[in-house]
Amino acid sequence: MRRGLIIAFNKWDAVARGETPDLSLLGERYPFLSFAPVLNVSGLTGRNLSQIFRHIETVRSWYYRRIGTSDLNRVILPVMAQTPPPRLKTGAVRVYYATQVQIAPTVIHLFSNRPDGLTPTYLQFLTRKIRDKFPFTGVPFLLKPRGKKED
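Residues 4 to 154 in the numbering used here are what the sequence shown lists, from first letter to last.
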């Protein structure tokens, strides 16, 4: 459903003082959720409950944010020049430009001479590079390769 996400661990008051549970397993087991902020809260003591609303506002602002085509291309095109996608037997894969076509949820189209040459692994790589510049905190987004003449 591509909604904004905040991960909140409740019952943090039950954790012994000075003890820190290993939350690295969350990233190992669910790497596709790495974009979501993580909060440790306690409904009993009220610990970090006020932070939830601050995070909701942050996620909401990124969920409805539009990134300009020129800003997006200033990130994507140099990355692709430095680390191009794998070559196909028929030649190089080029991306001419990228544009955000939708908000809530965010969808970015990559216009290419060979959309089939943009592998899922390469799209994940581009997603990480885009998040380096525009974090889209708590917001999943989709990169969709498109042919040059597609609408």
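Where is the CB? At the ideal position from N, CA and C, for every residue including glycine.
Residue ranges of each alpha helix (DSSP H) within the region 94-143, 4 or longer: If we require 4 residues or more, the alpha helix (DSSP H) runs fully inside the region 94-143 come out as 123-136.
Three CB pairs or more closer than 8 Å across the region 7-16 and the region 29-45: When C-beta atoms of the region 7-16 are compared with those of the region 29-45, three or more pairs fall below 8 Å, so the two segments count as touching.
Stretch pair the region 140-150 + the region 109-116: three plus CB contacts closer than 8 Å: Under the Cβ criterion (8 Å, minimum of three pairs), the region 140-150 counts as touching the region 109-116.
Per DSSP, cross-strand counterpart(s) of Phe-12: In DSSP, Phe-12 forms a bridge with Asn-43.
Proximal residues to Thr-86 (C-beta, below 8 Å), its chain only, five neighbours per side dropped: The beta carbon of Thr-86 is closer than 8 Å to those of Phe-128 in its chain, skipping five residues each way along the sequence.
Touch test, the region 93-109 against the region 62-69, Cβ-Cβ under 8 Å, three pairs minimum: Between the region 93-109 and the region 62-69 there are three or more C-beta pairs closer than 8 Å, enough to call the two in contact.
Reduced DSSP secondary structure (H/G/I, E/B, other) of Gly-30: Helix at Gly-30.
Nearest residue (CA-CA) to Asn-76, options Val-96, Thr-61, Tyr-100: Answer by Cα proximity: Tyr-100.
For Pro-40, the nearest candidate out of Phe-56, Gly-49, Arg-50 (CA to CA): Checking every option, the nearest Cα to that of Pro-40 belongs to Phe-56.
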